[in-house]
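Protein chains in written order, with my numbering: chain A, 5 to 458; chain B, 3 to 299; chain C, -3 to 295.
Where is the CB? At the ideal position from N, CA and C, for every residue including glycine.
Given below as structure tokens:
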């Protein structure tokens, strides 16, 4: 589960196309340096405090990268805190006023650490990092990072064109299924949702459910991709800013219809296990041929590596079916973020460290030690084996979606997941109707709009 | 103590006796089966967890325990837990006993006030005062850092023990003074007549009588302290100072991202085994305490 | 018997350590909860904004808060009734009857209470598993093929989930209270039962006319304590078993508070919930105390 957010997604040349529209002023060069408080006293003996969450990539890649950074920077010591429950470890210290200089933790974590910092305006601006030269190389950081990754609402949370978070490891998300099962039954992978429903009926006749999901948290990626398919780039961007009335449009209605219909095709026990403890039981349904599709990311393969499976099982991965014949097919890209709290002490050194993370040397360590892929052009060429398949999904023409709902001031009693996606459980069990869900959805959206960051 | 006529009544109701055994046995089964299941799961290999969870293990896979003990650091967490629990219980008893005694058996100007205040403490939920406690200790540390140059309150097992003892005070005082209130005045009066002072009376006469209640207090609080994780997690941030339940949670986090069910259940066993063993020992004392208490009347 | 001064000093020395610790670590933080409930604060920065009672206003307009309120009340009522009924009956049986393996039963019944909630939740999640769980495999014996086709979703159905938590909580609590009542029942003088027996009163009658009245003080106090602890325990169970799911259907007071304070950057709002819980527990205890008041029976 943690891995989900811990990964990001995708790539390939097609991505450039898909992102042209959302790219704002992508040069990121015109930085005023933000509000870097004290200049780091680079008197040779500085200690940089780095905190990173330990995910499926493991801790060793971070240890090695920190060592390499120390080796290339005289007199610098990196104090690395790496833990699976990073929030629990650093939280008390931060409340006491001791902040790490650099933190790697993606938005979407259970404790919403990153979101809290964003909502509190508690980040150091990093726009100027894009303009820095990668240590040991003669390329600018901004030029090395794949297009799109530095022009979205996740890394530019306040919509002012300033970058506060830097994109890290990414990976593809879409629908996972048992390719062998479809082959055996002679079923095609659906390319439109109508074909999807046909397949659903055929499968039902054989006692197989069409769909399952690990937890409702997995609907965010799914929802963004579907929303992009239905609304198109322009309205998609508006929807993410909670535009008034957007959920009443016929296009948005299509999105709700698809999800509600999907709920009716969902394996019945899914909501019972759709929590952080038991979500693997839902993933197991796919391995056991009890359900065909589930929204997920490529980490699921590692997550379920030791699980038993139907004979001949073979992972298949596809972008979302199109809303209409010949329409766009989209897939969401998850990526992690690295950022600096406003209270960071070694601001300059921290920025230097972040710039270093995009060096060939660091990227190589991340890729070989942990299998983590930095959003750097050409990285996928270095991948091998299974990984290639997943990172090449966009070669098939699927559109990459990177954005997320705009950051708001905290709205007491409302979270996007709670208001938007958790009700999917109720749709499946029949405790809520589509109308109720859409109504709640729109109301929550109105509340978030009122709390948008200026 | 038992009289013959009791037996006579009982003999007439064999049917009733069977009726009594049925729920007892049923409840025992309901309780034992799940616990047994955890022990069983802890010696299973990882691949077995995806099959019927109620199936017997295919073999005894002790590697789970070694993994949990070493790689998850359960050994040092256990030591931390023992240290904190022992200190906290010791503090609690020496602080709560005299206070309960005084509150139960002495009338003084503010006795009503303190009785009510401690009663009120029963309604304070530790789960929502932990952050104010943390902030208070942080402020104290900041102050010390400025004046003395080093910090004392956070990341200190002893401070955690003090907080445990403090938060357990209301319940403990409640329980103990409840017992003291049931004692007849005669005990103290006799002691005073013999020339014993207040302190000696308390230590030599009253406290020994309260032994069963003290055992109960220790038992209950041992479990509370041993299993507590929210305060521990907040006040001890250094990895090497973690207590067992916090360590277990880490193990479970690890299990979730890398699927180590066996290791997790081994961790569960490691956490519950000491409580089970200790309970079996204290159990006898508890029984003793009950018969001692039964002498009265 | 000693001077007044000596008595005063003795009282002071005995009470002071407890009073100081208690005030520092419980009273003061509680006051802080109330104070912070009037601020808007994300948790990390120094900028706290005073918002007066606004957090409370939002709270009393929130459906989710009422849902968690309702769940908490439901848990308190059901868990209390079942736990106390079972605990009292079993305690009476084990103290009054000559049972073979009496000690064995007592040891067994107490085991759930010594387990960490994390362990219990892991166990019950497995028991409630729709396909392989013990609960459904057992019920399927009676339901026949319908059971396999339409499994009961113990933790997945919004109507059932709270009762599934109830079962786990009762399972956990019975032993604790049973041992407590056994201790107080052992204090009831044997002679009372003997004379009642001679008068021809049966076991059931003895239970209601002797055992219950004589340990009533103990029941009263444990009842109050139990209800407070249920508010707390329900949080630990919900957190470990469902985290408030599905779709917020199993949230209780404190789990809702945690969600708001820690995952929604609404720290002050969370503390406002804490303040409401505090007042609620207090009021409830007061009511209980008044309702259960009986003439105390000396023996």
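Partner residues on chain B for residue i, Cβ-Cβ distance less than 8 Å
i	result
residue 26(C)	126, 131, 134
Chain-ordered neighbours of residue i on chain A, where CB pairs are closer than 8 Å
i	result
residue 191(C)	Neighbours of residue 191(C) on chain A: none; closest Cβ ~56 Å, over 8 Å.
residue 48(C)	Within 8 Å Cβ-Cβ: nothing; residue 48(C) doesn't reach chain A, min ~14 Å.
residue 235(B)	92
residue 256(C)	416, 417
Residue from the options whose Cα sits closest to the Cα of residue i
i	options	result
residue 164(B)	136(C), 13(C), 4(C)	13(C)
residue 223(A)	264(A), 210(A), 187(A)	264(A)
residue 141(B)	155(B), 73(B), 131(B), 231(B)	155(B)
residue 61(A)	255(A), 430(A), 377(A)	377(A)
residue 453(A)	415(A), 430(A), 424(A), 443(A)	415(A)
residue 68(A)	320(A), 374(A), 162(A)	374(A)
residue 407(A)	225(A), 201(A), 197(A)	225(A)
residue 269(B)	24(B), 147(B), 44(B)	44(B)
residue 267(A)	242(A), 219(A), 233(A), 247(A)	219(A)
residue 199(C)	8(C), 94(C), 33(C), 56(C)	94(C)
residue 175(B)	97(B), 77(B), 275(B), 243(B)	97(B)
residue 198(A)	445(A), 342(A), 327(A)	327(A)
residue 101(A)	341(A), 356(A), 348(A)	348(A)
Check whether residue i and residue j have beta carbons under 8 Å apart
i	j	result
residue 359(A)	residue 139(A)	yes
residue 225(C)	residue 240(C)	no
residue 127(B)	residue 51(C)	no
residue 112(C)	residue 284(B)	no
residue 298(A)	residue 431(A)	no
residue 293(A)	residue 394(A)	no
residue 23(C)	residue 104(B)	no
residue 226(B)	residue 168(B)	no
Start and end residues, alpha helix (DSSP H) containing residue i
i	result
residue 43(B)	16 to 43
residue 159(C)	157 to 181
residue 126(B)	Taken as a continuous stretch (DSSP letters only), residue 126(B) belongs to no alpha helix (DSSP H), as it is neither H nor E.
residue 301(C)	Outside the shown range of chain C (-3 to 295) lies residue 301(C), about which nothing can therefore be said.
residue 85(B)	76 to 107
residue 204(A)	197 to 209
N-terminal and C-terminal residue of the beta strand (DSSP E) that residue i is part of
i	result
residue 53(A)	51 to 57
residue 202(C)	Counting along the chain, residue 202(C) falls outside any beta strand (DSSP E), though it belongs to the alpha helix (DSSP H) covering 199 to 202.
residue 341(A)	334 to 343
residue 207(B)	Run containing residue 207(B): none; DSSP gives neither H nor E here.
residue 181(A)	169 to 182
residue 84(A)	81 to 87
residue 264(C)	Not the beta strand (DSSP E): residue 264(C) falls in the alpha helix (DSSP H), residues 263 to 287.
residue 404(A)	403 to 405
residue 320(A)	319 to 322
residue 106(A)	106 to 108
residue 298(A)	295 to 301
residue 215(A)	213 to 215
Interface partners of residue i on chain C, CB under 8 Å
i	result
residue 268(A)	The contacting residues do not exist; residue 268(A) stays about 15 Å from chain C at best.
residue 250(B)	112, 114
residue 433(A)	149, 152, 153, 154, 242
Proximal chain A residues relative to residue i, where beta-carbon distance stays under 7 Å
i	result
residue 238(C)	279
residue 262(C)	414, 416
Partners in chain B for residue i, counting only beta-carbon separations shorter than 9 Å
i	result
residue 3(C)	108, 110, 200
residue 80(C)	The premise fails here: residue 80(C) is roughly 15 Å from chain B at the closest Cβ pair, so nothing lies under 9 Å.
Proximal chain C residues relative to residue i, where beta-carbon distance stays under 9 Å
i	result
residue 429(A)	152, 154, 241, 242, 243, 245
residue 275(A)	149, 151, 152, 153, 154, 241, 242, 243
9 Å Cβ cut-off: residues of chain A touching residue i
i	result
residue 265(C)	414, 416, 417
residue 38(C)	120, 121, 123, 124, 126, 414
residue 51(C)	416
Count Cβ pairs between the segment 177 to 191 of chain C and the segment 302 to 320 of chain A that sit closer than 8 Å; are there 3 or more? no
How do the segment 24 to 43 of chain C and the segment 255 to 274 of chain C stand: do at least 3 beta-carbon pairs fall below 8 Å, yes or no? yes
So does the segment 211 to 222 of chain C actually touch the segment 73 to 80 of chain C, counting three or more Cβ pairs closer than 8 Å? yes
Contact between the segment 279 to 286 of chain C and the segment 55 to 66 of chain C is defined here as three or more beta-carbon pairs at a separation below 8 Å; is this criterion met? no
For the segment 114 to 133 of chain C and the segment 148 to 164 of chain C, state whether three or more C-beta atom pairs, one from each stretch, are separated by less than 8 Å. yes
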